[in-house]
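Trainee: Okay, here's the structure, questions in a sec.
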Amino acid sequence: MNARASLSLLFALFCAAMLGLAAGALWMLPTLMLQRPLPMLAPLVGAVLGLAVRGSVRRGAAAMAAGATLLAAVYVGLLTAAVRIASMLGIGLVDALRVAGLGLLGQLARMALTRPDLVWAVLGAAVAALVALRPVRR
93 MNARASLSLL FALFCAAMLG LAAGALWMLP TLMLQRPLPM LAPLVGAVLG
143 LAVRGSVRRG AAAMAAGATL LAAVYVGLLT AAVRIASMLG IGLVDALRVA
193 GLGLLGQLAR MALTRPDLVW AVLGAAVAAL VALRPVRR
């Protein structure tokens, strides 16, 4: 693999990760509005991420879309835990993120995780991979 192909792959991975984080942040909005976890949105998020990755990545689009969907599912759990901490302590979200740290947020998100949440996340990743595999119409 030459330098150009390596940099292209690295940039595609970075873009897929950023898309996953953005999707997780958007996923957090209805979760907070309804005040309950919404793991059933994972297939919808996966389909959108699959479309986004499919249009810009040629090799490994399915794996990148599935990874971005799983990253979005993890990120929404972390953000939800941070919002709960912020509301309990009466501080802002950024302060809660800074004070709690990734370790505590990860532990709280893992404690809130249930088996159906995992099933929905895997289903969302599968949808993302299937959508990303379909050829782009020109």
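Under my numbering, think of the first position of the sequence shown as 93, with each following residue one higher. Every residue gets a Cβ at the ideal spot worked out from N, C-alpha and C, and that includes glycine. All figures in this text were calculated on a predicted structure; none of them were measured in a lab.
Assuming L111 contacts V145 under a Cβ cut-off of 8 Å, what Cβ separation, rounded to an integer in Å, is found between them?
Mentor: Taking the sequence shown and counting its residues from 1, one reaches residue 111 at position 19. Taking the sequence shown and counting its residues from 1, one reaches residue 145 at position 53. Confirmed, about 7 Å.
Trainee: I think A139 touches A217, with their Cβ atoms under 8 Å apart; what is that distance to the nearest whole Å?
Mentor: Residue numbering aside, residue 139 sits at position 47 when the sequence shown is read from its first letter. Residue numbering aside, residue 217 sits at position 125 when the sequence shown is read from its first letter. About 11 Å; that fails the 8 Å criterion.
Trainee: Contact defined as beta carbons within less than 8 Å: I believe G39 pairs with A164. What is the distance between those atoms, to the nearest angstrom?
Mentor: There is no way to answer for residue 39, as the model of the chain reaches only from 93 to 230.
Trainee: At the 9 Å Cβ level, is V168 part of the contact set with chain D, yes or no?
Mentor: The structure shown contains no chain D, having only a single protein chain.
Trainee: How should V191 be labelled, buried or exposed, when 16 other C-beta atoms within 10 angstroms of its C-beta is the threshold for buried?
Mentor: As a working mapping, residue 191 is identified with position 99 in the sequence shown. By the neighbour-count rule (16 or more Cβ atoms within 10 Å), V191 is not buried but exposed.
Trainee: Could you have a look at M120 and say whether DSSP puts it in helix, strand or coil?
Mentor: Counted from its first residue, the sequence shown places residue 120 at position 28. M120: helix per DSSP, three-state reduction.
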